[in-house]
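Report on the structure given below.
Numbering (this note's numbering), first residue to last: 9 to 180.
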């Protein structure tokens with residue numbers, strides 16, 4: 009909103025500044041719209057449901073505060089087992105829709121590198137569901153679930169290439 013602060017000065021003898029020429033300033037206060045994002049958690053990769061730990065960093069832009077955010081994140085996922093599983097890279101571009109103060113849904117596109125040498129990298133459709141556990145307007149924390157399925161590809165069948173994630177998101 010827009011705020012105006014006016015000041016009248018009085019001295020110790022009771023004289024006051026002129027009311028015709030007050031000292032005032034007008035300023036506008038806006039809501040923060042750009043945030044940094046850190047996400048960490050666990051992931052199951054279809055194959056033999058191999059476990060991974062993932063970490064992503066990125067940016068969140070509040071396109072319409074408390075209603076719609078655009079989120080860009082990227083980072084590695086590290087397997088809990090050795091061969092044939094390998095470190096993979098995850099990247100997302102999603103839109104988050106807020107359903108009230110605590111719940112949000114996300115949808116968008118992602119990119120996954122291959123989990124094994126015999127697999128292929130490619131685009132994924134990303135779906136998310138999150139619950140805010142705190143929100144202080146300049147920072148927030150959420151627990152979220154994410155599902156990733158291959159998108160626009162015939163050489164990455166959904167049955168063998170989907171991924172399920174459960175994590176914590178901190179924005180600041």
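C-beta: ideal position from N, C-alpha, C; glycine also.
{"Query": "For residue 179, count neighbouring C-beta atoms within 10 Å of its own C-beta (all shown protein chains included) and say buried if the count is 16 or more, exposed if not.", "Result": "buried"}
{"Query": "Just the Cα atoms here: how many angstroms apart are residue 175 and residue 92?", "Result": "25 Å"}
{"Query": "Would you list the residues sitting across from residue 178 in a DSSP beta bridge?", "Result": "46 and 149"}
{"Query": "Let me check understanding here. Comparing Cα to Cα, which of 53, 129, 47 and 169 lies closest to residue 150?", "Result": "47"}
{"Query": "Please go through the segment 104-158 and give each complete alpha helix (DSSP H) segment of 4 or more residues, from N-terminal end onward.", "Result": "none"}
{"Query": "Thinking C-beta only, is residue 113 closer than 7 Å to residue 101?", "Result": "no"}
{"Query": "Which of the three DSSP states, helix, strand or coil, is assigned to residue 79?", "Result": "strand"}
{"Query": "Return the first residue and the last residue of the beta strand (DSSP E) that residue 37 is part of.", "Result": "Here residue 37 belongs to no beta strand (DSSP E), and DSSP marks it neither H nor E."}
{"Query": "Could you name the residues of the same chain whose beta carbon sits closer than 7 Å to that of residue 35, not counting the 5 residues immediately before and after it, in chain order?", "Result": "11"}
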